[in-house]
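Presented below is the structure to which this report refers.
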Amino acid sequence: MSGVMRCIALALGAVIAQTADADMRLTPEAIIDWQAHSFAGETDYALTETRHGTAVRAVCENGTASGLVYTNGVDLSETPVIEWRWRVVDAVETGDPRRQSGDDYAARLYAVDEHAILRWRTRAINYVSSTRARPGAQWPNAFAGQAQMVVVDSLDGSRTGKDGWHVHRRNLRKDFQQLHGRSVKRINALALMTDCDNTGDRAEALYGTIRLLPES
1 MSGVMRCIAL ALGAVIAQTA DADMRLTPEA IIDWQAHSFA GETDYALTET RHGTAVRAVC
61 ENGTASGLVY TNGVDLSETP VIEWRWRVVD AVETGDPRRQ SGDDYAARLY AVDEHAILRW
121 RTRAINYVSS TRARPGAQWP NAFAGQAQMV VVDSLDGSRT GKDGWHVHRR NLRKDFQQLH
181 GRSVKRINAL ALMTDCDNTG DRAEALYGTI RLLPES
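Counting from 1, position 25 in the sequence shown corresponds to residue 25 in the UniProt record's numbering; the numbering is continuous, with no gaps.
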């Protein structure tokens, strides 16, 4: 699906908790108020309580797809590291993720470097959980080659953390340099999406707090 190329045009503020050491926290309570942008019906996003705190529960059924978009921007010169936690409850099991017919994921996180005028210069990274590719796999998105897909975990026996929760940490500045050959000082948008419009599979995931951190 070509969601990344459309969701980057949205604008919305969100509440951010910021500490003295520049650690920015995007909590589930803030994420749920991000703009919901539909591509095919509505993925159901709602707050839920888990054993490990509040989370955003995303449920995708009947070929729907929509995302939650944050476009306040992130200063990568200050906080280039992103850390997030999610848990896939019901994974997308069918389809080749490298083809348009299989471009669905129970959990994905976008980071977008947008050029509003020269749209062809927009670049994005999609961090995804996939049962159909191994962690570390990378490829251009089947709908939008400007977006690079990066598999960060899988449910094929590599569950980690309590109750299937995964915690990931990536250096966005380094990833944009490696994947796009671009030195990026600021990104324009972050987004979460759970989608199932191409495969028709049911998908469900839980999203926890996102942290933006200085480079250690």
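We put the CB at the ideal spot given by N, CA and C, even for glycine.
Can you tell me where the alpha helix (DSSP H) holding residue i begins and where it ends?
{"i": "Gln-178", "result": "172–180"}
Sort out for me which residues DSSP pairs residue i with in a bridge.
{"i": "Leu-26", "result": "Ile-210"}
{"i": "Thr-122", "result": "BP columns for Thr-122 are empty, so no partner."}
{"i": "Ile-82", "result": "Arg-170 and Leu-212"}
{"i": "Ala-205", "result": "Ala-58 and Val-88"}
{"i": "Ser-129", "result": "Ala-107 and Asp-153"}
{"i": "Arg-186", "result": "Asp-75"}
{"i": "Asp-113", "result": "Arg-123"}
{"i": "Gln-146", "result": "Answer is none; Gln-146 lacks a bridge partner."}
Would you say residue i reaches chain D, if we count a Cβ-Cβ gap shorter than 8 Å as a contact?
{"i": "Ala-124", "result": "The structure shown has no chain D; it contains just one protein chain."}
Assign residue i to one of two classes, buried (16 or more other C-beta atoms within 10 Å of its C-beta) or exposed (fewer than that).
{"i": "Ala-91", "result": "buried"}
{"i": "Arg-169", "result": "exposed"}
{"i": "residue 286", "result": "One cannot answer for residue 286 here, as it falls past the ends of the chain, which runs 1 to 216."}
{"i": "Gln-101", "result": "Contrary to the premise, residue 101 reads as Ser rather than Gln in this sequence. Per the 10 Å Cβ criterion, exposed."}
{"i": "Glu-49", "result": "exposed"}
{"i": "Val-167", "result": "exposed"}
{"i": "Glu-215", "result": "exposed"}
{"i": "Met-211", "result": "With the sequence shown as reference, residue 211 is identified as Arg, and Met is not the correct amino acid for it. Arg-211 should be labelled buried."}
{"i": "Asn-198", "result": "buried"}
{"i": "Arg-108", "result": "buried"}
{"i": "Leu-172", "result": "buried"}
I need the boundaries of the beta strand (DSSP E) containing residue i, first residue and last residue.
{"i": "Leu-190", "result": "189–195"}
{"i": "Gln-138", "result": "138–140"}
Mind checking whether the beta-carbon of residue i lies closer than 7 Å to any heavy atom of the ligand HEM?
{"i": "Leu-155", "result": "The ligand HEM is absent from the structure shown, which contains no ligands of any kind."}
Open item on the list: Closer than 8 Å is the cut-off here; do at least three beta carbon pairs connect the segment 200–213 with the segment 85–95?
Closed with: yes
Task: Cβ contact (3+ pairs, closer than 8 Å) linking the segment 175–189 and the segment 23–39 - done: no
Open item on the list: As an exercise, report each continuous beta strand (DSSP E) stretch of at least 3 residues that is fully enclosed by the segment 23–70, in chain order.
Closed with: Correct list: 24–26, 35–40, 44–50, 53–60 and 65–70.
Task: Sufficient close CB pairs (3 or more, under 8 Å) joining the segment 118–135 to the segment 72–81 - done: The segment 118–135 makes no contact with the segment 72–81, as fewer than three CB pairs between them are under 8 Å.
Open item on the list: Is it the case that the segment 30–45 contacts the segment 57–77, given that we only count it when at least three CB pairs across the two stretches are under 8 Å?
Closed with: yes
Task: the segment 67–77 / the segment 144–155 touching (three or more Cβ pairs under 8 Å) - done: The segment 67–77 and the segment 144–155 do not touch, with fewer than 3 CB-CB distances between them shorter than 8 Å.
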